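Student: Could you have a look at this structure, given as structure tokens, before my questions?
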Amino acid sequence: MSSNTFQRGDVFWAPDPFRQNANPRLWLVLAADSLPYAGEEYICAALTTSNLPENYEIGTDWIRGRDPSKTSYCSPWVVATIKHQAVANPQGEVTTAFADRMIDECTAYLDS
Numbered sequence: 002m003s004s005n006t007f008q009r010g011d012v013f014w015a016p017d018p019f020r021q022n023a024n025p026r027l028w029l030v031l032a033a034d035s036l037p038y039a040g041e042e043y044i045c046a047a048l049t050t051s052n053l054p055e056n057y058e059i060g061t062d063w064i065r066g067r068d069p070s071k072t073s074y075c076s077p078w079v080v081a082t083i084k085h086q087a088v089a090n091p092q093g094e095v096t097t098a099f100a101d102r103m104i105d106e107c108t109a110y111l112d113s
């Protein structure tokens, strides 16, 4: 993960645009280079510690950045465009296979 820009599968902390005055949350980058403003913004899916029925556990798909005291899940229907300047801190990276699966799940919500 470059310190300047992020790629698909990278995970970072950034503000939650759906919650005013909330702490930053973890975001999984789904798209970066394919956007009109590559390097300036990212399409991301929210990560959470909530084990809801439609969430996907990251588990062993963490490459780096996993907090062993918590279980992380991805909510592929909670999607936002995050500006590069809003990123608070890099967290780590998940496998390409997991990121691709979340892209497929996100697309399924859009196609239905």
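So for the sequence shown, my numbering puts the first residue at 2; every next one is plus one.
Built from N, CA and C at the ideal position, the CB exists for glycine as well.
Fair warning: this is a prediction, and the values are worked out from it, not measured in the lab.
(1) Could you tell me if Ala33 is buried or exposed, where buried requires 16 or more neighbouring beta carbons within 10 angstroms of its beta carbon?
(2) For the alpha helix (DSSP H) containing Asp112, name the first residue and the last one.
(3) Could you tell me if Ser73 is buried or exposed, where buried requires 16 or more neighbouring beta carbons within 10 angstroms of its beta carbon?
(4) Are Cys45 and Thr82 closer than 9 Å when you measure CB to CB?
(5) Count Cβ pairs between the segment 51–63 and the segment 17–27 that sit closer than 8 Å; are there 3 or more?
(6) State the DSSP-derived secondary structure class of Gly10, mapped to helix, strand or coil.
(7) Please determine, among Gln86, Ala87, Pro77 and Val95, the residue with the shortest C-alpha to C-alpha distance to Asp105.
(8) Just the Cα atoms here: how many angstroms apart are Trp28 and Cys75?
(9) Do Asp62 and Val88 have their beta-carbon atoms positioned less than 9 Å apart in this structure?
Tutor: Straight from the coordinates:
(1) The residue is buried, with at least 16 neighbouring Cβ atoms inside 10 Å.
(2) In this chain, the alpha helix (DSSP H) harbouring Asp112 covers Thr97 to Asp112.
(3) buried
(4) yes
(5) no
(6) DSSP places Gly10 in coil when its eight states are reduced to three.
(7) Closest by alpha carbon: Pro77.
(8) 9 Å
(9) No, these two residues do not count as a Cβ contact at 9 Å.
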